[in-house]
Amino acid sequence: MPASRSHPFLFAAGLVTVGTAAGYAGSKPALAAVIALGALIALSARRLDGWQRVYSVTVVLMLCAASNVEVLTRFSFHARYVAVTALVVWTFVTGTQGRRSLRSLGRPARWLIGGLWAAAALAVCSTAWSVNRMETLQQSIALGLLAALVHAMITRRWADPRVIGKDLGIAYVLLVLCFTASLAYDVLGGENSRTYGGRLQGIFANPNTLSVLCAMSIPVGWSLYRRSQRPLALAGIVPAVVALVLSESRTALLAVAIGGFWVLARSGLGAMVRCVCAVALTVTALQLFGGFGLLRGAEWANGLADRFTAPEGGDVSNGRIFAWQLTLDFWEARPGVGYGYAAGPSLFESTRQSDFFDFQGNSVHNSYLQWVLELGLAGAAVLLLLGLACLVVVFRGNLHGVGSGLVWLVVTGLLVQLTESAMFGTGQPYPYLFWLAVAAALAHTGHVRPAGPRHLRRWGAEVPRPTGPRVGAVRSATAPNRGRGAGRNPVTVHASGAGHAGQPASHPGRRGGPASRGRPANR
């Protein structure tokens, strides 16, 4: 449709959307905020390509499934998996131009893909001994979709690392809009914005979901700033930081701080000195202008301080240490294969009814312990393989461009899951965003090796660019043969760089090849 004809339709759609949101603003502010958010996403989607539109819909459905709006939760329950399936198929089908084979990937990238596929296969096998077979089977299929998506992104979409920043930016914008809607919902006095002891949850199901997503968004915002050098990219960090503080999540706050410190430590002494000076200037300014007095009198600051000191649930960990001890007791009964993937909540519910399990939650609140509980030592081996891929990012990830934010995100994500069980919870937005960030970090670091013959990749030589007149799909060029028999066999170089009528145009390591310049012929 021409742009001149589309404006009336857009105007009419905007009026309908504004009217609908205004109608719900009084009775259901959260639903009104989500409607306005959807309208904004629909308008901005005109600037995206096909894959990015499917990706945006997938992220939105994942966020809807994590919300406290019942109608959105019901609608997105099955639709999110349909969207993930469509995204996987789209990525495999449309990413054939620059695709990479598994053999062309570096070891850490193969560890990541192989570990996720092994996790999905083991989860499917655990259906045979699960305490809730139907739940295990359904979630195993979802875990397989996650493995397929990461596989497709590394070997297809992100084979060209230049698109990583824009793809991350889409998820970043959607998350920031949700954080802003959560803060607005709370300011408007939404009845479901603080149902967990005064902690902010906004339009999300609970404060922990909000805090985990905020902790992921802050490093992504920094990545986009490093990529574009535009201060506007940092603007989205403001609502994320505010929502994170108001959610009063201790682990998320500490994880973000430790992750940022780790990136500073890897960046060198100069970066650390600049950061320390900035912090010292900020503290001095607060002291001179009475900022600390205002903080001591603020309700949110006192609530946050109580979260670090008050013994809720019997101890400072809010009962998590007790839950971890009972988890180890459960694991000792089935140490080899566990109780079945995603069957932990059913196990807790059944033992709670028999008065054996006193912890009121349905989660271990530790991704690593819950994975070992559900899949035993077999799952621990898979977890070790995935952990090695993550540690490569942590210790050797590229810090240039978007890389510093990706390393920050991976460190933060690994620490957050010490008290949360969302790393493999495939019905939530966190695992998709986290594992895609690990894949992006490996692709950005260079563990997705460039395409080309193996001997060219080995010595870092470039495939010679074809020159001369182009005939159909083939260019012809006469490349001199400077070795034995020079001047006798001209070589026709195809667009792929391969030659005929003699030896190939480029043979690194052989005397006379273009790649031998600047390097001794004999190794």
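Here the working numbering = 1-based position in the sequence shown + 29.
A virtual CB, placed ideally from N, CA and C, is assigned to each residue, including glycine.
Check                                                                                                               : Outcome
Enclosing alpha helix (DSSP H) for Val267 [first to last residue]                                                   : 266–276
Cβ-based neighbour list, Asn391, same chain, cut-off 7 Å, excluding 5 preceding and 5 following                     : Pro374, Phe377, Glu378
CA-to-CA distance, Trp291 to Phe337, given in whole angstroms                                                       : 22 Å
Beta-bridge partners of Phe233, as assigned by DSSP                                                                 : Ser96
Tyr225 burial status per 10 Å Cβ neighbour count (16 or more: buried)                                               : exposed
Residue range of the unbroken alpha helix (DSSP H) whose run includes Thr455                                        : Premise fails: Thr455 is in no alpha helix (DSSP H) and is neither H nor E.
Neighbour flag for Phe208 against chain B, beta carbons, 9 Å                                                        : Going by chain labels, chain B is absent from the structure shown, which holds only one protein chain.
Integer Cβ distance of Val249 from Leu438, believed to fall under 8 Å                                               : 6 Å
Backbone CA spacing between Tyr110 and Asn347 [nearest angstrom]                                                    : 33 Å
Phe290, enclosing alpha helix (DSSP H) - first and last residue                                                     : 279–296
Alpha-carbon spacing of Cys419 relative to Leu435, whole angstroms                                                  : 11 Å
Alpha-carbon spacing of Ser450 relative to Gly320, whole angstroms                                                  : 37 Å
Nonlocal neighbours in the same chain, by C-beta distance under 7 Å from Leu282, ignoring five residues either side : Leu273
Cβ neighbour criterion (16 or more within 10 Å) applied to Val267                                                   : exposed
Opening and closing residue of the alpha helix (DSSP H) in which Asp215 lies                                        : 193–216
DSSP-derived helix/strand/coil call for Arg82                                                                       : helix
Residue from Ala352, Trp400, Leu398 whose Cα sits closest to the Cα of Arg381                                       : Ala352
C-alpha gap between Leu404 and Ala371, whole angstroms                                                              : 9 Å
For Leu145 and Val179, believed in contact at Cβ under 8 Å, the rounded distance                                    : 6 Å
Euclidean distance between Cα positions of Val308 and Leu315                                                        : 11 Å
Per-residue DSSP class, three states only, for Arg185                                                               : coil
Cβ neighbour criterion (16 or more within 10 Å) applied to His429                                                   : exposed
Separation of Gln457 from Val102, as counted between CA atoms                                                       : In the sequence on display, residue 102 carries Thr and not Val. If I take the Cα positions, the gap works out to 12 Å.
Member of Gly367, Arg139, Ile287 whose CA lies at the smallest distance from the CA of Val27                        : Nothing can be reported for residue 27: it is not among the residues displayed for the chain, which extend from 30 to 552.
Proximity below 9 Å, CB of Gly367 to CB of Gly408                                                                   : yes
Burial state of Gly227, where buried means 16 or more other Cβ atoms lie within 10 Å                                : exposed
Assigned exposure category for Leu402 - 16 Cβ within 10 Å defines buried                                            : buried
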